[in-house]
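**Student:** Just dropping this structure here.
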Amino acid sequence: MSKNDRLFIAILLLSLIMVGMIMTDNINYANTTAASTVNPQGPSAARQEILNLKLPLHEALYWKNTRE
Amino acid sequence: MKFRLYLILILSWCLIFMGGLFINRTTLENPRAFTGNGYGGPIQMHMAMSDTGTITFVDVKQHHETSSYISHLEAFLKQFSGRPTQNPLILGKDIDAISGATITSKAITDAVRQKRDSIMKIKNPQQTASFQLSRIIIPLFLTLTAIAAFALRHNPLRWAVLLGGMVYFGIIHHSMLSILQITQAGLGFSPGFTENTFWWMLLGISFLSALFIGRIYCGYLCPFAAIQEILFFLKIRRSTTAPVITPAIDQQSRIIKYILLFLIMGLALLFNSSAAGNIEPFITLFSGHGSKLAWVFLALMLSLAVFSFRFWCQYLCPVGALTGLASIFSLYKIKPNSACTACGTCTKVCPTQAITPDAEHIPQIDTAECIACAKCLRACPAHALHIQGPGHVQK
Chain E
-10 MSKNDRLFIA
0 ILLLSLIMVG
10 MIMTDNINYA
20 NTTAASTVNP
30 QGPSAARQEI
40 LNLKLPLHEA
50 LYWKNTRE
Chain H
226 MKFRLYLILI
236 LSWCLIFMGG
246 LFINRTTLEN
256 PRAFTGNGYG
266 GPIQMHMAMS
276 DTGTITFVDV
286 KQHHETSSYI
296 SHLEAFLKQF
306 SGRPTQNPLI
316 LGKDIDAISG
326 ATITSKAITD
336 AVRQKRDSIM
346 KIKNPQQTAS
356 FQLSRIIIPL
366 FLTLTAIAAF
376 ALRHNPLRWA
386 VLLGGMVYFG
396 IIHHSMLSIL
406 QITQAGLGFS
416 PGFTENTFWW
426 MLLGISFLSA
436 LFIGRIYCGY
446 LCPFAAIQEI
456 LFFLKIRRST
466 TAPVITPAID
476 QQSRIIKYIL
486 LFLIMGLALL
496 FNSSAAGNIE
506 PFITLFSGHG
516 SKLAWVFLAL
526 MLSLAVFSFR
536 FWCQYLCPVG
546 ALTGLASIFS
556 LYKIKPNSAC
566 TACGTCTKVC
576 PTQAITPDAE
586 HIPQIDTAEC
596 IACAKCLRAC
606 PAHALHIQGP
616 GHVQK
C-alpha cells in the first residue's frame, strides 16, 4: 500500500466519522423536537387542554395558570 | 459479477422503500391538530385564539422538515402571537419567512391563516398564488439541453448547463436533488405539486433521465457537482482526472456510497424521520445554515474536490449511488463497436474511472459510475464509442 493509498483511506475514514457525527446530531435534534411537543408531561399538555376546552382567552389563561 | 451486486442492492433498496410505505400507512394522527404541507411532508400544528379571533400562540407538534433549515422555527412562530383578525397573515407581507426555508414558512403561514379564517368564518380574498410555471419549464429546458449536450458530445454546452444548474437550482432556489427527498418519499411523505413543484421536478427529472440515458442529473445539473468541477479545474494539481491511488482501492471505496444510502434509509425507517439524510454538504453551502460540524465537513469536501475529481460524488454521495443504480437500466448506453482498437484512450480520459478493459482489452463502461460527460466519446481516436439504444445491432 503506497503513501497515497494510506492518506486516501485516512481521509475517507475521517469523512465517514464526520458523516456519522452529523447524522447522530440530526437524529437527536429530530427526536428532541418531537418529544418536546408530544410529551404529555411537557408544557404542551397545558396548551392541549386549553384548545380542547375552547375557552375565551382570559379564562384560558386562568386555567393555564392554575394548572401549571 | 458487478451486475449481480447492483441487482442485489436495487432489490434491497426496493424492499426498504416498500417497507417504509407500509409502516407509515399505519401511523395514527392527532385529529385535533391541523396540518400544512411542508417541504418534507405534513406539518402538524396547534393554535390558540381568543373569541375575537386574535391568535395567542401557534405551536408545531410534528414536522418532517430539515432541522438545519428551521433552526429559527420558534422565533418564526412567535410572529403569529397577538395577531388580530384584520391581519392578512401572508408570507412576505406581514409575516417574515425563515431565511432559506420559504416553503416551510409558507406552509405554516397558509395553514394558520386558513384555520383562523375557517374558525372565524372569514372569506379571505387574499389568496397567494403558489404555483409557478417557470418551475416546470426551466428545469425541463435545462434537462433537455443536457441531453442534447451529451448526444452532441458538446463540452461547452455541458459547461453552460452545469453553470446554469448551479445558479438556478443552487444559488437562486436552494433546491437540489437530495437524499432527504428520497427518504421522505420512502417514508410515505410527499408535498403537493403546487406547494413544492421542485420536489417533484427534481425527483422526476433525475430518475426518468437515469432510466432513459444515464446519470444526466449528476453529470449536468447538480449544483454541487458544478462547484467541485470548477474547483478541480483550478489546476492546482496535475490536469489528469486519474486518481493517484491504487485502482483496486479506488474501486472498492466506491461501495461506501451504497452503504451510506442503505444506512440512511434504514435510519429513516427506524426513527420515522428523514433527519438522518441531512448530511449533504451542499445543503449547508446553498442554504447558509448548518452546525459547526456541517461547515467543517463542507470545507473538507470542497478542499478534497481540488485534488480528487468530485470526491463527494464518487465515494460518498447517496443520491449518486441511487441514480447510478437506476442508470443500470437506462435505455441508451455508451458502448464500443467493432471499430474499437483497444487502445485504452477512453479508459485513461474517463474522469470517474467508469471504463475498465475486459480480457480482450475492449472497454466496458460501468453505467452506475458514468456521469455521461461524453469525454470518452470525444477522445476515442477510432470513433468507436457510440450512444446505443435498445435493439441496436453492433457492427
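Protein chains in written order, with the numbering used here: chain E, -10 to 57; chain H, 226 to 620.
Just so it is clear, CB atoms sit at the ideal spot from N, CA and C, and this is done for glycine as well.
The structure displayed is predicted, hence computed values, not measured ones.
1. Please report the distance separating the alpha-carbon of H:GLN578 from that of H:ASP591.
2. Tell me the rounded alpha-carbon separation between H:LEU523 and H:PHE423.
3. Under three-state DSSP, which class holds H:LYS600?
4. Smallest Cα separation from H:GLN311: which of H:LEU547, H:ALA493, H:ARG479, H:ASP342?
5. Which word fits H:ARG250, buried or exposed, when buried means at least 16 other C-beta atoms lie within 10 angstroms of its C-beta?
6. Looking only at its own chain, which residues have a Cβ that is under 6 Å from the Cβ of H:ALA501, when we skip the five neighbours before and after it?
7. Can you say whether H:HIS514 is buried or exposed, counting buried as having 16 or more other CB atoms within 10 angstroms of its CB?
8. Is the beta carbon of H:LEU387 sitting closer than 7 Å to the one on H:ALA336?
9. Quick one: give me the first and last residue of the beta strand (DSSP E) that H:MET401 is part of.
10. Within the segment 495 to 565 of chain H, note down every full alpha helix (DSSP H) run reaching 4 residues or more, in order along the chain.
11. Would you mind sorting H:ILE553 into buried or exposed? The rule is 16 or more other CB atoms within 10 Å of its CB.
12. Just curious, the beta strand (DSSP E) that H:THR581 is in, first and last residue?
13. Considering only their Cβ atoms, is the gap separating H:GLN339 from H:ILE320 smaller than 7 Å?
14. With a cut-off of 8 Å on the beta carbons, I'd call H:LEU402 and H:SER431 a contact; round off their distance for me.
15. Considering H:VAL392, what are the terminal residues of the alpha helix (DSSP H) in which it resides?
16. If you draw a straight line from the C-alpha of H:ALA546 to the C-alpha of H:ILE235, how long is it?
17. For the segment 256 to 338 of chain H, which segments carrying the alpha helix (DSSP H) assignment without a break, of at least 4 residues, lie completely within its bounds, in sequence order?
18. Would you call H:ILE580 buried or exposed, if buried means 16 or more other Cβ atoms sit within 10 Å of its Cβ?
**Tutor:** Reading it off the structure:
1. Between the alpha carbons of H:GLN578 and H:ASP591 lies a distance of about 9 Å.
2. 24 Å
3. helix
4. H:ASP342
5. At H:ARG250 the pLDDT is 44, less than 50, meaning the model places this residue with poor confidence; the figure from the coordinates comes in the next sentence. Burial is judged here by how many other beta carbons sit within 10 angstroms of a residue's own beta carbon; H:ARG250 has fewer than 16 and is exposed.
6. ILE489, LEU492, ALA493
7. buried
8. no
9. Note, H:MET401: premise wrong, no beta strand (DSSP E); not H, not E.
10. 506 to 512, 517 to 532, 536 to 540, 543 to 552
11. buried
12. 580 to 582
13. no
14. At roughly 5 Å, the Cβ-Cβ gap stays under 8 Å, so H:LEU402 and H:SER431 are in contact.
15. From DSSP, H:VAL392 is part of no alpha helix (DSSP H); its letter is neither H nor E.
16. So the alpha carbons of these two residues sit roughly 10 Å apart.
17. 298 to 303
18. buried
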